[in-house]
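Only one structure is covered here, and it is reproduced in the block below.
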Amino acid sequence: MRLIQHKAEAWWFYRVVSKVYDRWVNPLFWTPRMRDEALELARLDAPGLRVLDAGAGTGFTTEGIVARVPAGQVVMVDQSPHQLARARRKPALAACEVREGDAEDLPFGDDAFDRYVSAGSIEYWPDPQRGIAEAYRVVREGGTALVVGPVRPAQALARRLADTWMLFPSEEEYRAWFAAAGFADVEVRRLAPDWYDEASGAAYGVAVAGRKPAPGPSPLGLAPPAERLGEPMGLRRRLLFAGRFAVGSLAGLAFVPVALLQTLRARRAR
Ligand SMILES: C[S@@+](CC[C@H](N)C(=O)[O-])C[C@H]1O[C@@H](n2cnc3c(N)ncnc32)[C@H](O)[C@@H]1O
């Protein structure tokens with residue numbers, strides 16, 4: 284069902300969630316240690332790098348980027364003005380360029396960046412393959428793109444809620460999207476917060492990075508994005524939107540304690 288994996292639904296979701304995002308979401312699910320482990324794959328260690336953070340939100344990942352690259356060389360893009368408004372209040376990000384925009388249709392020319400980073404956003408993109416092909420297009424030849432995202436939960440109830448909420452791909456899907464977009468040397472690293480039971484063998488999330496081997500757009504020919512923010516909604520679409528937003532948000536809300544409890548229970552049993 285993946286009810287919030289749509290642009291208008293995700294926009295409204297973050298209209299609400301942005302109010303609590305920094306306080307309640309990142310400290311539990313996307314921690315500074317996970318961010319450091321993921322950003323290692325982005326190779327932010329060369330001088331003069333120009334970096335794009337797509338789906339930058341309130342700037343938690345961007346704060347990790349600007350610890351490695353001067354903020355004036357970092358561009359943040361997100362489709363949510365509410366998330367970006369919070370990023371704009373952070374002194375460490377004051378020198379970053381901040382733009383509203385769609386990760387599936389980036390407002391930049393080909394080969395414009397040395398590095399592309401996107402953390403925790405792919406799960407909302409209606410066409411993730413298109414988003415990864417856009418990552419390929421905007422990175423220069425030899426540059427690196429890094430995408431961080433969740434993995435389909437192993438536990439049945441958490442999986443059902445996750446599938447109702449948004450996209451939780453398999454590791455194989457991430458690899459296939461990178462390969463199809465044209466990336467070479469694709470690397471995958473598993474990530475998990477401290478409370479997660481890694482002994483179960485099931486992945487929590489992954490960081491996936493690839494190198495762009497040739498200049499220009501992705502060899503994958505792409506149709507225009509299937510959804511655009513702000514396009515007029517007829518009555519049917521409005522009703523669909525309202526249903527998806529209500530049920531999808533509830534599933535997202537329920538997912539958090541269920542996933543947490545299941546994990547802690549599995550850990551105790553072990
Ligand atoms: C879970 S937050 C992650 C924010 C940030 N990257 C971080 O590390 O905290 C997901 C972000 O993706 C953004 N987003 C979702 N779909 C998007 C799209 N199609 N284009 C750009 N941003 C998008 C949301 O607005 C939200 O700010």
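Counting in our numbering, the sequence shown runs from 284 upward without gaps. Every residue, glycine too, gets a C-beta built ideally from N, C-alpha and C.
Residue i beta carbon near ligand 1 (any heavy atom closer than 7 Å)
i, result
"residue 325", "no"
"residue 412", "no"
"residue 290", "yes"
"residue 343", "yes"
"residue 509", "no"
"residue 535", "no"
"residue 360", "yes"
"residue 338", "yes"
"residue 404", "yes"
"residue 416", "no"
"residue 319", "no"
"residue 460", "no"
"residue 363", "yes"
"residue 313", "yes"
"residue 399", "no"
"residue 408", "yes"
"residue 297", "yes"
"residue 386", "yes"
"residue 366", "yes"
Proximity below 8 Å, CB of residue i to CB of residue j
i, j, result
"residue 464", "residue 503", "yes"
"residue 359", "residue 370", "yes"
"residue 451", "residue 472", "no"
"residue 427", "residue 492", "yes"
"residue 508", "residue 361", "no"
"residue 488", "residue 475", "yes"
"residue 537", "residue 444", "yes"
"residue 328", "residue 357", "no"
"residue 446", "residue 546", "no"
"residue 419", "residue 363", "no"
"residue 541", "residue 286", "no"
"residue 345", "residue 376", "yes"
"residue 289", "residue 514", "no"
"residue 437", "residue 483", "yes"
Residue i - containing alpha helix (DSSP H), residue span
i, result
"residue 402", "From DSSP, residue 402 is part of no alpha helix (DSSP H) but of the beta strand (DSSP E) over 396-402."
"residue 310", "309-312"
"residue 456", "454-464"
"residue 296", "290-300"
"residue 447", "439-448"
Extent of the continuous beta strand (DSSP E) run through residue i
i, result
"residue 306", "Taken as a continuous stretch (DSSP letters only), residue 306 belongs to no beta strand (DSSP E), as it is neither H nor E."
"residue 382", "380-383"
"residue 527", "Note, residue 527: premise wrong, no beta strand (DSSP E); alpha helix (DSSP H) at 518-552."
"residue 494", "488-494"
"residue 473", "467-474"
"residue 367", "Per DSSP, residue 367 belongs to no beta strand (DSSP E); it is in the alpha helix (DSSP H), 364-371."
"residue 320", "That residue, residue 320, is in no beta strand (DSSP E); its alpha helix (DSSP H) goes 315-323."
"residue 427", "422-433"
"residue 352", "Note, residue 352: premise wrong, no beta strand (DSSP E); not H, not E."
"residue 337", "334-337"
Same chain only: Cβ atoms within 8 Å of residue i, ignoring 5 sequence neighbours per side
i, result
"residue 353", "378"
"residue 543", "311, 478"
"residue 421", "335, 389, 391, 392, 393, 394, 395, 396, 399"
"residue 319", "347"
"residue 457", "430, 432, 471, 489, 491"
"residue 300", "308"
"residue 423", "394, 395, 396, 397, 495, 498"
Sequence-distant residues of its chain with Cβ nearer than 6 Å to residue i (five each side left out)
i, result
"residue 295", "528"
"residue 535", "448"
"residue 322", "347"
"residue 439", "none"
"residue 401", "337, 338, 430"
"residue 326", "427"
7 Å Cβ shell around residue i - same chain, five flanking residues per side excluded
i, result
"residue 524", "291, 292, 516"
"residue 284", "446, 447"
Given 8 Å, three or more beta-carbon pairs between the segment 485-500 and the segment 391-398: Contact between the segment 485-500 and the segment 391-398 is present, because at least three Cβ pairs lie under 8 Å.
Is the segment 327-344 in contact with the segment 364-378, if contact means three or more CB pairs nearer than 8 Å? The segment 327-344 is in contact with the segment 364-378.
Hey, is the segment 534-552 in contact with the segment 313-322, meaning 3+ C-beta pairs nearer than 8 Å? Inter-segment contact for the segment 534-552 and the segment 313-322 is absent: fewer than three beta-carbon pairs are separated by less than 8 Å.
For the 8 Å Cβ check, are there 3 or more pairs between the segment 455-463 and the segment 412-427? Touching, per the Cβ criterion.
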